[in-house]
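Colleague: All letters in the sequence shown, in the order written, are residues 0 to 416 by numbering that gives the first Met the number 0.
Quick reminder that beta carbons are idealized off the backbone N, C-alpha and C, glycines included.
All of these numbers come straight from a predicted model, not from anything done at the bench.
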Amino acid sequence: MRMRFNGLWRDVNFTKLWTGQAISLFGSQITFLALPLTAVLVLDATPSQMGILMAVEALPTLLMGLFVGVWVDHYRRRPILIMADLGRAVLLSVIPVVAILGLLRIEHLYIVCFLVSVLALFFGVAHRSFLPSLVEREQLVEANSKLELSNSVAEIVGPGVAGGLVQVVTAPIAIAVDAISFLVSALLLGLIRVSEPVPKPAKQQNIWKEIGEGLELVLRDRLLRPIAGCLSTLYFFNSVLEAVFILYVSQEVGIGAGLLGLIFAVGSVGFLVGALLPGWIVRRFGWGPGIMMGLLLVGLSDLLVPLVSGSVVVAVAVVVLMTAQFFFGLGLVIFNAGQVSLRQAMTPDELQGRMNATMSFIAGAVVPLGGLLGGALGETIGLRPTLLLAALGEILSVLWLLLSPMRSQREQPVSLD
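Here's what the structure looks like:
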């Protein structure tokens, strides 16, 4: 019996994009584990050095986020995607080569991590801006849902494979697998055949004016503005939570690394299930209500975390945390697939890069601040109250949407062309 494919699975170009992303995401899960393990196990990194390693990964968004949007809007997006993949393949291959030569230092990790993050920023903005050229506007929810599906599968399978690979070939050598995955992704992107719109010539050469166009689009539009505010609030309070989450569940609840990995794995299943739902939710409840439902689910699920304490039986604590992680993943995919698709559908092609870069900058700029606040609150008011405050903040982020026209936005918005 032959397998029948429906929807975008029958679109050869989208399938190439999806396959390339799935492979590179799987490889990136290996680096996500192997890079910090290289610092800790091979280079004996100190806590301050680990902090620097995390900081250099966040720097590109703060330093270059708004500029990247302008550059992406002036060039075809597919070549940017290919070059970003090839660049990351070359950069990541440096680590295993230098490790084999016995010359690896923590400074090498800083440099590679920073440059890979720069290319990841270009790729992310260009990828979200390229998708509306690849599929029809009414297919964006389905496309983003399927892309979220590949991310979910990578998060479920990747960590286990990464752990085994690190044990067999060591952490630095395992990173070579990620380098290969980016080469495969670049090859598949090169095989895509689509008529991408020719970027319009810049009306002015002043890059600050062009950045201002992206900011103006987002901050003045009745739908994009509340999404930006909502993202910033959500990311801020989620970074507060993440700063103390591991400390809380390991120290106060008493959950070990093995069970913690299982809890995150169940959360990844939530992402997987959530990737199947956005299209149905948008059709059933409308764009605005569907996006708000996903966002509320994120905050309410995190509210379960501080309900668990050291006085609770570990088995019960694990079940509650698994439930929280599952519904967190479920809600986040519904929210992201909806709001990203809405943004793509209503933004003119010549402004896609700046719109996406502006959104990334507004959301990402608050993450370091949230992490610092989370750490400070954890030391002053305690870990559990900090988690409770963070979850309530996530829930309140829905007010940006509830108090805007988004609450009644049921149909796909008209393009701002």
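1. Between which two residues does the alpha helix (DSSP H) carrying residue 407 extend?
2. Can you grab the Cα-Cα spacing for the pair residue 3 / residue 226, in whole Å?
3. When the Cα of residue 41 is compared with those of 235, 67, 169, 176, which residue comes out closest?
4. Quick one: is residue 399 buried, meaning 16 or more other Cβ sit within 10 Å of its Cβ, or exposed?
5. Alpha carbons only, please: which of 371, 223, 326 is nearest the one belonging to residue 299?
6. With the cut-off set at 8 Å, would you say residue 188 and residue 19 are in Cβ contact?
7. Might you give, ordered along the chain, the residues of its own chain that have their beta carbon closer than 7 Å to the beta carbon of residue 360, omitting 5 neighbours on each side?
8. Just to confirm, is the Cβ distance from residue 313 to residue 253 under 8 Å?
9. Determine the direct distance from the alpha carbon of residue 135 to that of residue 14, and round the result to whole angstroms.
10. Is it buried or exposed for residue 106, if we count other Cβ within 10 angstroms and need 16 for buried?
11. What residue from 205, 235, 336 has the CA that sits closest to residue 138's CA?
12. DSSP three-state call for residue 386: helix, strand or coil?
13. Look at the Cβ atom of residue 373, then the Cβ atom of residue 240, and state whether they are nearer than 8 Å.
14. Could you give the first and the last residue of the continuous alpha helix (DSSP H) run that contains residue 79?
15. Rounded to a whole number of angstroms, what is the C-alpha to C-alpha distance between residue 0 and residue 9?
16. Assuming the contact rule is C-beta atoms closer than 8 Å, residue 246 and residue 376 should be a hit. Round their C-beta distance to whole Å, please.
17. Run through the stretch 289 to 364 for me and flag every whole alpha helix (DSSP H) of 4 or more residues, listed as ranges in chain order.
18. On a CA-only basis, which of 344, 72, 57, 144 is nearest residue 209? Give me that one, please.
19. Considering only their Cβ atoms, is the gap separating residue 271 from residue 165 smaller than 8 Å?
20. Taking contact to mean 3 or more Cβ pairs, one atom from each stretch, closer than 8 Å, check whether the stretch 379 to 396 and the stretch 81 to 99 are in contact.
21. Going straight from the alpha carbon of residue 12 to that of residue 350, what length do you get?
22. Report back the beta-carbon spacing between residue 289 and residue 281 to the nearest angstrom; my notes put them in contact at under 8 Å.
Modeller: Looking at the coordinates:
1. Counting along the chain, residue 407 falls outside any alpha helix (DSSP H), and DSSP gives it neither H nor E.
2. Residue placement at residue 3 is flagged as unreliable, the pLDDT there being 48, under the threshold of 50; the coordinate-derived value follows with that caveat. So the alpha carbons of these two residues sit roughly 37 Å apart.
3. 169
4. buried
5. 326
6. yes
7. 60, 64, 65
8. yes
9. 15 Å
10. exposed
11. 336
12. helix
13. yes
14. 76 to 99
15. Only weak support is given to the placement of residue 0: the predicted model assigns it a pLDDT of 38, under 50, and the question is left unresolved by the model.
16. Not a contact, Cβ separation roughly 12 Å.
17. 313 to 345, 351 to 363
18. 72
19. no
20. no
21. 23 Å
22. 5 Å
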